[in-house]
Ligand code: AMP
Ligand code: ZN
């Protein structure tokens with residue numbers, strides 16, 4: 002697969018980005034976000050990297066160093082946000098407290114916190130769009146996880162252009178790798194000899210997503226594509242029948258589906 006062409010096709014079809022946009026790319030330091038940053042820069046977009054230092058020991062230090070070097074070589078501005086400066090603690094402490102007090106486990110806490118900080122900093126950096134490195138495998142896992150939880154409505158906002166439309170005052174989250182399989186991105190990153198870590202996050206074990214990922218490892222990329230594409234055909238109908246008004250969190254002002262956003266609901270006890 003020519004992933005550069007596939008990305009260009011997705012950007013065009015879903016109108017993800019304009020050449021005049023300031024595009025902030027959320028960088029985990031892994032192959033997906035690094036590749037999408039590199040390709041968007043190559044396509045001539047005005048890109049800016051945004052990495053949250055989660056304080057995951059050596060893992061975070063290596064990512065910080067490698068992304069700093071990568072952005073320097075490729076002439077891309079990079080902002081590293083320090084989680085301890087933002088929230089006073091590293092992610093492991095926050096996760097431990099929330100596990101004890103709210104029984105929140107797995108990657109849920111990390112996901113909520115990362116999303117909130119990325120939104121806040123994207124706005125601070127004047128971003129029109131916030132790009133993430135979510136790929137076809139992530140999206141296929143989401144479809145199946147929501148189905149197995151008996152709540153396909155959780156996928157109502159699923160789209161390469163999250164939520165399907167822009168909301169004034171917020172940088173829309175967009176996913177140019179939505180239809181690109183993880184295996185193809187790995188091949189691309191290796192062919193470009195990107196000096197990055199190829200391992201999965203050391204904290205992602207024992208979660209439902211990991212179970213589903215393993216379960217799906219026997220499915221071909223073509224089948225994964227069918228899962229994602231066929232679910233996309235359902236999304237407009239789900240949206241029509243389940244209009245979910247996007248509100249503003251009354252505490253922090255970030256986008257939310259209820260009075261308080263998920264972040265404000267959980268951080269008060271840390
Ligand atoms: P993950 O939830 O780890 O699978 O990551 C999904 C996407 O979220 C990545 O492709 C990045 O775009 C973004 N992301 C993950 N971790 C970070 C981080 N520490 N800082 C900034 N963005 C991140
Ligand atoms: Zn809030």
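Residue numbers (this note's numbering): 2 to 271. Beta carbons are placed, not taken as given, at the ideal position from N, Cα and C, and that holds for glycine.
Assigned exposure category for residue i - 16 Cβ within 10 Å defines buried
i	result
residue 142	buried
residue 106	exposed
residue 140	buried
residue 116	buried
residue 27	buried
residue 32	buried
residue 229	buried
residue 246	exposed
residue 225	buried
residue 190	buried
residue 206	exposed
residue 7	buried
residue 151	exposed
residue 123	buried
residue 45	exposed
residue 102	exposed
residue 257	buried
residue 21	exposed
residue 192	exposed
residue 61	buried
Residue i beta carbon near the ligand AMP (any heavy atom closer than 8 Å)
i	result
residue 85	no
residue 132	yes
residue 53	yes
residue 135	yes
residue 239	no
residue 119	yes
residue 28	yes
residue 58	no
residue 108	yes
Cβ-Cβ distance between residue i and residue j below 9 Å
i	j	result
residue 169	residue 17	no
residue 252	residue 239	no
residue 177	residue 41	yes
residue 222	residue 137	yes
residue 96	residue 72	no
residue 213	residue 145	yes
residue 149	residue 114	no
residue 99	residue 25	no
residue 35	residue 197	yes
residue 48	residue 57	no
residue 93	residue 208	no
residue 91	residue 65	no
residue 255	residue 171	yes
residue 248	residue 259	yes
Opposing strand residues paired with residue i [DSSP bridges]
i	result
residue 51	27 and 80
residue 175	132 and 162
residue 110	Per DSSP, none; premise fails for residue 110.
residue 249	256
Minimum Cβ-Cβ distance from residue i to chain C less than 9 Å
i	result
residue 75	In the displayed structure, chain C is absent; only one protein chain is listed.
Closer than 8 Å: residue i CB and nearest the ligand ZN heavy atom
i	result
residue 122	no
residue 248	no
residue 207	no
residue 264	yes
residue 170	no
residue 112	no
residue 257	yes
residue 261	yes
residue 193	no
residue 125	no
residue 115	no
residue 103	no
Inter-stretch contact at 8 Å, needing at least 3 Cβ pairs: the region 182 to 192 / the region 258 to 267: No, the region 182 to 192 does not touch the region 258 to 267.
Three or more C-beta pairs below 8 Å linking the region 116 to 134 and the region 210 to 226: no
The region 81 to 95 touching the region 48 to 59, judged by at least three CB pairs closer than 8 Å: yes
Cβ contact check for the region 2 to 16 and the region 151 to 158: 3 or more pairs under 8 Å: no
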